[in-house]
Structures are given as structure tokens and as C-alpha cells.
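Each residue of the sequence shown is one higher than the one before, starting from -5 at the first, in our numbering. Read through the structure below, which is laid out as C-alpha cells, and then see the notes.
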Amino acid sequence: MARRPVPSRRFGLSMSAEALGARIDARVDAQLAAGFLDEVRDLLDRGFRPEQGPLGGLGYGELCRVVRGEWSLAQAAVAIKQNTRRYAKRQRTWFRAERGICWLDVEGLAAEQTADEILRRLAE
């Protein structure tokens, strides 16, 4: 039996590069304050290597360098923020080429306001 396409809509969230950079900085700072370095130490203690699955994501490699004594936490924080900005830029470039995305400017909106706007547009 052939599958029928499910009707769907795709939404993309956009904001200025400056606003996105500020959000990235705040998120990285919050992750570090919440124990990101301890998480990396724990994974390394369990035998994971920096190039393996859990340690392959943004921030993990930089924090592995802190654990090994190669970088300070401040150096790692700067690198994580920079690498996250680069990743976000690649994502924006890739998604801009996609067709059929309804772009929403969410700069200055809280998550609840963004959700409300998506629901409003779905109801149109």
C-alpha cells in the first residue's frame, strides 16, 4: 500500500546575527554554569575518547582540552562560542536554500510568543 504524503508546514526561526550571537553566548555560559565541564570529565572517566560519539558534539572537544590541562576554562568558553556561531551560520546557509519554509523573525520574542505565532499561522 502506497503511503500518502502527510500535509505539513515547516517554520524557520530567524533573528539578526548579533541577537543570535548574544543568545549563543548566554547559552554557553549557562551550560558551563550548569556543569558541562563535569559532564565531560565524567564521560572521559567512563572511557570515552574525545573523538567518540558523546564527545563529538559542540563544546565537548574544547572542554576535553581543559581537562587535559591544555586550555583554561575561559579559553574553552571563547572557542565554544566561536564554533557554535560558525555552526549556526552553516545551518542558516543550508536552510535558506530550502524551499517551503515559512520564516518567522523571533528576535526579542520569548519561546511562548514564538509558539503562539506558529499556532496563529497554522490556523490561517
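In this text, a Cβ means the ideal position worked out from N, Cα and C, and glycines have one as well.
{"Item": "Do residue 3 and residue 116 have their C-beta atoms within less than 8 Å of each other?", "Value": "yes"}
{"Item": "What does residue 95 pair with, by DSSP beta-bridge criteria?", "Value": "4"}
{"Item": "Thinking C-alpha only, which one of 16, 87, 30, 7 is nearest residue 109?", "Value": "7"}
{"Item": "From 72, 80, 91, 38, pick the residue whose C-alpha is nearest to that of residue 20; which is it?", "Value": "72"}
{"Item": "For residue 29, which residues of its own chain have a beta-carbon under 8 Å away from its beta-carbon, when the five flanking residues on both sides are left out?", "Value": "none"}
{"Item": "If we count the other Cβ atoms within 10 Å of its Cβ and call it buried at 16 or more, is residue 0 buried or exposed?", "Value": "exposed"}
{"Item": "Can the beta-carbon of residue 61 be found closer than 8 Å to that of residue 26?", "Value": "no"}
{"Item": "When the Cα atoms are used, what is the spatial distance from residue 78 to residue 70?", "Value": "12 Å"}
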